[in-house]
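Data block below; observations after.
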Amino acid sequence: MPIRLSERRPEVSPDRLLSECVPPPRFADVRFGNYRPNPDEPSQAEILGVLGDRAEVLAEPRKEPTLWSRLRGSKSRGSRSRGSRSRPELEKAGIYLDGGFGVGKTHLLASLWHVSAGPKMYCTFVELTNLVGALGMRPAVAALSEYRLICIDEFELDDPGDTVLISRLLGQLVEAGVQLAATSNTLPDKLGEGRFQATDFLREIQGLASNFDVRRIDGPDYRHRGLPVAPEPWTDEQVEQVAAERAGASCDHFVDLYRQLAELHPSKYGALLDGVETVGIQDIRLLTDENVALRLVVLADRMYDRNIPLVASGVPLDQMFSPEMLKGGYRKKYLRAVSRLIALAREGATQPN
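Per numbering that gives the first Met the number 0, residue 0 is the first one in the sequence shown, and the count goes up by one each step.
Okay, here's the thing in structure tokens:
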């Protein structure tokens, strides 16, 4: 019998959430040494040198006590007056890599994580917001303040709530002496542009940007190449049959699956896929509800991180998000999800039963 994701109720401990904050398997072996700068793009070789210098500092264990250690050992706030700043060897607490898709930002970010001393953490921006939501702000700050380095891939701010949340978090982590590294496809002072222009929102963005040494990486942008063509959808019967024949395969109706996702905190989506080797989804439908769509984006990211093949029936994957959605503020997320799901569907079509 195939696995039914819609019937699973995973529980995830805080320790597991933190232990899973490492580069995904596809970036387990990347290093600065196997990054190949494009000779026609000088910024790629330049950032390799900049990150190499930063890595030399981060390879050394953090010598000063953390903010939370100092607080536990002091009776007054005044005892924090010395040593509460980040290490003097680095001018800014973080480095921010901006550039188009496919220029190697994630390769470089994961490489920095691999050579840095621990404790260290690697996560996507969505995973970070989910982690704070699951733990609560104060416990999250207490836990993350012990880290030497936190790497944040795909930094993005789609709404004022996330902006305030992450601004508060990163501000306290910088004060605690944590070093940060982030990637995004948008410069810090442009994050959120096209969605919200409130004064408070822009003020928070500016506060975030001041913590980073911003570096631009140029190169051919995958967005100019268009999305890959989605494979032909399977029939419902074929999806059920494949799920029954493949070991570790799941099979759920699309509606049942997205209703299940609504019942789970996004931080549990990874655990939902425990032991699953192929995901089968029947009757994928056109999405018009933003909440449903965003949950599916997170699920697609967790599937992609784990390289889990997909077999699906219904509308083609490149048509599952409505045209209005693909013109809106979450466009980048939806396009990323489509690209990843298509890659997993191609893998699903080549797997033996």
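The beta-carbon is built from N, C-alpha and C at its ideal position, and this holds for glycine as well.
Sub-8 angstroms separation of residue i and residue j beta-carbons
i	j	result
C250	E239	yes
A344	L316	yes
V114	A44	no
G218	G51	no
I2	A180	no
L17	Y34	no
V29	D300	no
M302	L295	no
L172	V131	no
I283	A242	no
Y257	V291	yes
Extent of the continuous alpha helix (DSSP H) to which residue i belongs
i	result
S166	159–174
K119	It is not in any alpha helix (DSSP H) - K119 instead sits in the beta strand (DSSP E) that spans 119–123.
S338	330–349
Y268	268–271
S318	Looking at the sequence itself, residue 318 is Gln, so the reference to Ser does not match. Neither: Q318 is in no alpha helix (DSSP H) and is coded neither H nor E.
I46	41–57
Y34	That residue, Y34, is in no alpha helix (DSSP H); it is neither H nor E in DSSP.
V275	Note, V275: premise wrong, no alpha helix (DSSP H); not H, not E.
V102	Unbroken run through V102: none, as it is neither H nor E.
N290	289–305
E239	235–244
P138	136–143
Cα-Cα separation, residue i to residue j
i	j	result
A348	D235	15 angstroms
L340	M0	24 angstroms
R222	K62	Residue placement at R222 is poorly supported in this model, since its pLDDT is 42, which falls under 50; the coordinates still yield a value, given next. Spanning the two alpha carbons is a distance of roughly 43 angstroms.
L285	P9	27 angstroms
A133	L325	29 angstroms
I280	P13	30 angstroms
W112	Q237	42 angstroms
E289	K332	11 angstroms
R79	S42	Here the model assigns R79 a pLDDT of 38, short of 50, so the residue's position is not dependable, and the following value carries that caveat. Rounded to the nearest angstrom, the two C-alpha atoms are 39 angstroms apart.
G72	A142	For G72, the predicted model reports a pLDDT of 46, less than 50, meaning its position is unreliable and no value from the coordinates is stated.
L70	G99	Its pLDDT being 47, under 50, L70 is placed unreliably in this model, and the value from its coordinates should be taken loosely. Between L70 and G99, the C-alpha separation is close to 41 angstroms.
G135	V49	34 angstroms
E323	T128	26 angstroms
V177	P232	47 angstroms
S85	V254	Caution applies to S85, whose pLDDT of 41 falls short of 50 and renders its modelled position unreliable; the model cannot decide the point.
L107	A27	12 angstroms
L293	Q259	14 angstroms
V11	G274	15 angstroms
V313	S5	Looking at the sequence itself, residue 313 is Gly, so the reference to Val does not match. For G313 and S5, the distance between alpha carbons rounds to 18 angstroms.
P159	S166	10 angstroms
Q350	E19	27 angstroms
P23	H252	28 angstroms
R354	E346	Residue 354 lies beyond the stretch modelled for the chain, which goes from 0 to 352, so this question has no answer here.
G103	D161	26 angstroms
Member of the options whose CA lies at the smallest distance from the CA of residue i
i	options	result
G93	E174, V11, A246, G101	E174
L148	S110, V228, G328, M136	S110
E276	M302, I307, D282, Y257	I307
S266	R15, E231, L4	R15
G206	V228, G247, R245, L164	L164
T105	L134, F154, T287, G117	F154
E55	T128, L89, K331	L89
R137	L168, D282, P118, Q237	L168
L96	D282, N37, I151	I151
F320	A208, L108, V337, H252	V337
G31	P24, P23, R53	According to the sequence displayed, residue 31 carries Phe and not Gly. It is R53 whose Cα lies nearest to the Cα of F31.
N210	D255, P232, G170	G170
S183	E6, L4, G274, R335	R335
T123	G328, R330, D304	D304
T287	G327, H252, H264	G327
P60	A116, R25, P23	A116
Where the beta strand (DSSP E) through residue i begins and ends
i	result
I149	148–152
S209	Segment: none, S209 is in no beta strand (DSSP E) and carries neither H nor E.
D251	248–252
T182	178–183
A311	309–313
L96	93–98
Cβ neighbours of residue i in the same chain (closer than 6 angstroms, five flanking residues each side left out)
i	result
D212	K91, I94
E40	D217, G218
A229	P315, L316, D317, I341
Y268	V297, L298, R301
Cut-off 7 angstroms between Cβ atoms - residues of its own chain near residue i, not counting five sequence neighbours on either side
i	result
V21	Y121
N37	Q43, G218
P118	E145, Y146, R147
R7	L271
A246	E276
R215	S42, D97, G98
Same chain, Cβ closer than 8 angstroms to residue i, neighbours up to 5 away in sequence not counted
i	result
R330	M324
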